[in-house]
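Chains as they are written, first to last, in the working numbering: chain A, 35 to 310; chain B, 66 to 422.
Yeah, the Cβ is synthetic: ideal placement off N, Cα and C, and Gly gets one too.
Written below as C-alpha cells is the structure these notes are about.
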Amino acid sequence: MSRPGLRLMQGIGIAIGMLASGGIGALAQSSAPKDPWPELASNIFSGRPLLDGTGLLAIEMPGRAEDAAIVPLTLRATLGLAETRRIVSFTVVIDENPAPVAATFQIGPRAVIPVLSTRVRVNSYTNVHAVAELSDGKLYVVKTYVKASGGCSAPATKADRTNIGEMRFRQFGQMPEAASNTRTAQIMIRHPNNSGLQMDQVTRLYIPPFFVQFLKIWQGDELLLEMEGGISISEDPNIRFTYVAGGSGSLRAEATDTAGHVFSGSWPSSGMESVE
Amino acid sequence: MLASGGGLVELAVLTTKAIGAFLHDWYSKAAGQFGSVVAMIERAAAPVAGVLLACGMMLCGIHFAAHSQPVTEPLSVSEVADGVFMHTGALALMTRVNEGGIANIGFVVGNEAVAVIDTGGSVREGRRLLAAVRARTDKPIRYVISTHAHPDHIFGHAAFENEGAAFVGHRNMPRALAMRGQFYLDAYKRLMGREIMADVKLIPPDQLVDDTLNLELGARTLALKAWQTAHTDNDLTVLDEHSGNLFAGDLVVVQHVPVLDGSILGWLTVMDGIALMQPKRILPGHGPVIENWRAALAEQRRYLERLTRDVRGFISLGAPISAAAQGAGETEKDRWSLFEEYNARNATAAFAELEWE
C-alpha cells in the first residue's frame, strides 16, 4: 500500500482503537471528554514535532455548519515573499470524525497552490487541524472549530442517482490581486462517497464503503496536486484550487475510487473565463 | 428536522409528573384500587390537599390507571371532510416537550376499514393518534401510509404494529430508512431524550408504490402517487377520491418554510403535477389546512424559485457554496416560520444540486 494509503488506514485504525479504549476509559472515570488531538497528531505524523503554522498557512471553515454533510473547507498558503521554502503537502484532520484524516494533498514538485477548497463531512462538534509539510521537512499546524453533527452518518445521497464518475471542470476569472499568473479552477466528480458507516436498520448490515480515494490533477505534464481522500470528503467530491498557470498545457484530472474505477477528463486551459 | 430544548417548560412538566407520581404511590396505599377522587381528597392529609387539587386532572388520570400507566389522551383531530380527519402539528422543531408532534397526521374512514396517513414524531404521538381513531370507529386499520421517511412523520409507526395493517410507502422508502434510519434514531435520542425514544422503531413498508396504487377502504378509494425526487427521494401523496382531499405530505407546506432534502428542480416539477390533479383541497404536511390550495402552491413556488434564482446567481458568479448559504433566499426571510433553522441548509443543498447544471 502506498504511504499515503498507509496513513489513511492508520487514521481509521487509530480512530477505532480510540473509540474502544475511550469506551473502557469512560467506565473508569466520569470526566470531561478527552482531547483526541495529541494522540492523533503523534500517530499520524510519527511523533514529529508540529510547529505553530500561523503566518504560513490558514484554514477556513464555518463556525457552525449549515449542512454537516457538506461543510466548506479552505486551505490557504500564506507564506511571505521572503520565504524560500515551499509547501509540499497539506493534511486535514477532523479530530472527532470516525476517520479523522479527511484528506492529504500532495503539491506537485513545480506547482504553487496558494488556495485549496473542498467540502467535508463533520460528525460532531470538533477541532479541525490542517498540517502543512514544508520543503525543509518541518511540519506546521493551524486549527479551527466547527459545530456540526451527523455528517458521516447522514449523507445527502438520493436514490435514482446516475452518472457516477462524471467529471466537471470549471475555470474562474484571474484573481485580481495576483502579480503572478494565477488561475482558479474547480473539479467536481459525481460520486456517492459512501462512508461504510451507515447501518441498514432492517438487515443490520453496513452499506459498504464506496468513495473516491485518489484524485490527480496535471497542468500539461506537470503534476499540480494529488489528493488522497477518505470518507470525510463530501458526496460529489469538489476541489477548487488556485494555481500558477504555466504554458498552454491543458488541465487533466484522473480519479480512482475504492472499487478501482478510474475516471478522467481533460480541458483546455484558456485565457478567458470558461464555464463547462 | 433538528430540535432545540425548552428548559423551563420541561422542568415544569417534569416537576408536575414527579409530584403526580409521588401522589399516585401515596394514594395507591391509602385508597386501594378504585374509588372516587373526591373520596381520596377527603382522606388526604390537609397539607397535601392543596397540592392534590392543583394537580387535578393529572391525578385523575393516574388514579384510574391503577398500574401507573397514563391513559392515552386521544390526539385532537378535526374532520376536514366527511370521514377525513387531520391533526395539525406545532410549527416547531421536534422536542421532548412537544413529543415530536410537529407534522400534520391523519386518517380516512371507509365503510370497511381505516387508513392512517403518517404517525407522528414519537410512539406517544402515534398512540394518541390511534386513540383518536378508536374514539370514532372500531373498523380495522387496513393501511398505515407514510408520505415520506422523515422522523416527524414516521416515528409513531410502532404504535400501529399490532393493528394488522399493511405499511405502505414509496419504492425508495426502504433505502431511505436504510441510509438514514440509524442516524435519526441516534440524533433524536440526544434531542428528545431516551425516554420518548425508547419505543421508537423504524418499520419499513411492506407494500411499495412504484408509480400509482389504489387502496380500498370499502366504497372509498385512496389513490396513491409516488413522485420523482422533490422534498425527499421518497414522496407519496394520498388522494381521497370521495372527498377530493389530497394528503400532500411535505410536498406542500403552509407557513412552515419548505425543507429541501431531495431536489429543488424536481420539487418545482412535482408541484406542477399536483396542481394538475385539481384536488378539492390540499392537506399540507405542516401548517394549517387551507381552502385556497392554488395560493399555497404559489407561495411555495415563489420561495423555491427565489432560492433557485439566487443560487444560480451565486454559481454563475463563481462564488463558493458558503456565500450562497448566507445570501440565497434572504428576501423570503419574514414570510416563513423556521426560516432561520432551514433556509441556509436549503441553499447549501440547492447549490450542490444546481452546480451540476
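Counting the other CB atoms within 10 Å of its CB gives Val136(B) a total below 16, which places it among the exposed residues. Between Glu177(B) and Gly283(B), the beta carbon gap of about 3 Å places them in contact (Cβ cut-off 8 Å).
The C-beta of Phe244(A) comes no closer than 7 Å to any C-beta of chain B. With contacts defined as CB atoms closer than 7 Å, Pro349(B) and Ala295(B) fail to qualify as a contacting pair.
For a Cβ distance threshold of 7 Å, residue set Ala390, Ala409, Arg410 and Thr413 of chain B lies close to Glu100(A), ordered along the chain.
For Phe206(A), a Cβ of chain B is located within less than 7 Å of the residue's own Cβ. At least one CB of chain B lies nearer than 7 Å to the CB of Gly184(A). Asn228(A) is bridged by DSSP to Phe244(A). Straight through space, the alpha carbons of Thr112(A) and Leu285(A) are spaced by roughly 24 Å. Residue environment: Ser80(A) is assigned as exposed (fewer than 16 neighbouring CB atoms within 10 Å of its CB, all protein chains considered). In this structure Val296(A) is exposed. Its beta-carbon is surrounded by fewer than 16 other beta-carbon atoms within 10 angstroms. Cβ-Cβ separation between Ala230(B) and Val209(B): approximately 5 Å, consistent with a contact (criterion under 8 Å). Residue burial is scored here from C-beta neighbours: Gln343(B) has fewer than 16 other C-beta atoms within 10 angstroms and is therefore classed as exposed. When Cβ-Cβ separations below 7 Å define contact, Lys181(A) makes no contact with chain B. With a cutoff of 7 Å on beta-carbon distance, His225(A) and Ile267(A) are scored as not near each other. The C-beta distance from Leu273(B) to Gly246(B) rounds to 16 Å, too long to fall under 8 Å, and the pair is not in contact.
Phe79(A) carries a coil assignment under DSSP once its states are collapsed to helix, strand and coil. DSSP, reduced to helix, strand and coil, places Arg236(B) outside both helices and strands of the structure shown, so it counts as coil. Near chain B, meaning a CB-to-CB distance below 9 Å, the residues of the region 261 to 287 of chain A are Ser268, Glu269, Asp270, Asn272 and Arg274. Sequence-distant partners of Ile219(B) (beyond 5 residues in either direction) whose C-beta falls short of 6 Å from its own C-beta, in its chain, are Ser211. The CB of Gln232(A) comes closer than 9 Å to the CB of Ala243, Met244, Arg245, Gly246, Gln247 and Phe248 in chain B, given here in chain order. Judged by beta-carbon spacing, Ala223(B) lies beyond the 7 Å limit of Asp251(B), meaning their Cβ atoms are not closer than that value. Put simply, the CB of Ser387(B) is near chain A, with a gap under 7 Å to one of its CB atoms. Counting of Cβ neighbours within 10 angstroms places Ala293(A) among the exposed residues, the total staying below 16. Against Ile241(A), the close residues of chain B are Ala243 and Met244, in the order they occur along the chain (beta-carbon pairs closer than 9 Å). Close to Met222(A), with beta-carbon spacing below 9 Å, are these residues of chain B in chain order: Glu420 and Trp421. With respect to Arg410(B), Glu100(A) sits close: the two C-beta atoms are nearer than 7 Å. Proximity of chain B to Pro96(A) at the Cβ level (cut-off 7 Å) is accounted for by Ser387, in chain order. With 16 or more other Cβ atoms from the protein chains shown falling within 10 Å of its own Cβ, Leu372(B) counts as buried.
Close partners of Gly327(B) in chain A (Cβ separation under 8 Å): Lys192. Excluding the 5 residues flanking it on each side, Tyr368(B) has same chain C-beta neighbours closer than 8 Å at Val322, Pro323, Gly394, Glu397, Arg400 and Trp401, in chain order.
Interface residue (Cβ-Cβ distance to chain A less than 7 Å): Thr153(B) is not classified as such. Around Ala388(B), the same chain offers Phe379 as residues with beta carbons nearer than 6 Å, after the five sequence neighbours per side are excluded.
Under the DSSP assignment, Ser387(B) falls outside any beta strand (DSSP E), being part of the alpha helix (DSSP H) whose first and last residues are Ile386 to Gly392. Using a CB distance cut-off of 7 Å, Gly383(B) counts as an interface residue toward chain A. Judged by DSSP in its simplified three-state form, Ile265(A) adopts coil rather than helix or strand.
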